[in-house]
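For the sequence shown, our numbering begins at 2 and goes up steadily by one. Even for Gly, the Cβ is constructed at its ideal location relative to N, Cα and C. Just so you know, these numbers come straight off a predicted model, no measurement behind them.
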Amino acid sequence: MLIGLTGRIASGKGVVAECLKSKGFEYVKISQFLHDEAKRLGIPSKRGSLQDLGNKFRKEEGAGFLAKRFLDKINLSKNYAVDGIRNHKEVTELKKAKNFFLISVDALQKIRFERILSRKKEYDPKNWEEFIRADKRDFGIGEPEDGQQVGKCMALADFHISNDSSPENFHKKIEEIYKKIMEEKC
2 MLIGLTGRIA
12 SGKGVVAECL
22 KSKGFEYVKI
32 SQFLHDEAKR
42 LGIPSKRGSL
52 QDLGNKFRKE
62 EGAGFLAKRF
72 LDKINLSKNY
82 AVDGIRNHKE
92 VTELKKAKNF
102 FLISVDALQK
112 IRFERILSRK
122 KEYDPKNWEE
132 FIRADKRDFG
142 IGEPEDGQQV
152 GKCMALADFH
162 ISNDSSPENF
172 HKKIEEIYKK
182 IMEEKC
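Laid out in structure tokens, this is it:
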């Protein structure tokens, strides 16, 4: 089974992934190819650089190429939590696989910005202006069809979670969706 994760920056996709890992899912980033290519090419593994590289490959090989590469490399009899889905054509490719479900995660902008500041990842925006710029690009504002399109991915999701309240409430929502997925799978 494949459970895909899409959503806005710092919305809580990683928390969903951790929950799925605890249930035996292998965590993979659909963008691992881009990280490997960036390293091979000597390009810094920063959000903007990886987005540019991904856009370049999508333009050259088709917007769904990351999903195609991913599907070619995995064992479909195993369970995967697939993070980093950022283009709606990737969703289209993944939906061709049996037992694929997409979860969209979102939270209020202010909450997501506070999370970014507290998690202190090297490649995260450091101030409000950088955050807004990165958030708009990731969502697809001003991006080409084969670029970053998280907003369109979220619209295609089978399940949506808002992560604006307590961690306990968020975990409860994750568990409810997981239960629905397991019921639908059968």
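Who are the Cβ neighbours of residue i in its own chain at under 8 Å, not counting the five residues just before and after it?
i: residue 149; result: 52, 55, 56, 87, 88, 138, 139, 140 and 141
i: residue 20; result: 172, 175, 176 and 179
i: residue 15; result: 84
Anyone know if the C-beta pair for residue i and residue j falls short of 8 Å?
i: residue 135; j: residue 94; result: no
i: residue 39; j: residue 50; result: yes
i: residue 85; j: residue 31; result: yes
i: residue 80; j: residue 43; result: no
i: residue 11; j: residue 82; result: no
Buried or exposed for residue i, going by 16 or more other Cβ atoms inside 10 Å?
i: residue 91; result: buried
i: residue 8; result: buried
i: residue 179; result: buried
Note down the Cα distance separating residue i from residue j, rounded to an integer number of angstroms.
i: residue 127; j: residue 37; result: 25 Å
i: residue 5; j: residue 133; result: 25 Å
i: residue 121; j: residue 63; result: 33 Å
i: residue 98; j: residue 184; result: 18 Å
i: residue 58; j: residue 115; result: 32 Å
i: residue 2; j: residue 77; result: 7 Å
i: residue 73; j: residue 96; result: 14 Å
Quick one: what's got a C-beta closer than 7 Å to residue i's C-beta in the same chain, skipping five residues either side?
i: residue 13; result: 106, 108, 164 and 171
i: residue 157; result: 89, 92 and 103
i: residue 182; result: 4 and 102
i: residue 34; result: 67 and 70
i: residue 48; result: 124 and 135
Looking only at its chain, what residues have a beta carbon closer than 6 Å to the beta carbon of residue i, apart from the 5 residues adjacent to it on each side?
i: residue 162; result: 106 and 174
i: residue 159; result: 102 and 103
i: residue 46; result: 36 and 39
Taking the alpha helix (DSSP H) that residue i falls in, what are its first and last residues?
i: residue 142; result: No alpha helix (DSSP H) holds residue 142; DSSP gives it neither H nor E.
Could you spell out the range, first to last residue, of the beta strand (DSSP E) harbouring residue i?
i: residue 6; result: 3-8
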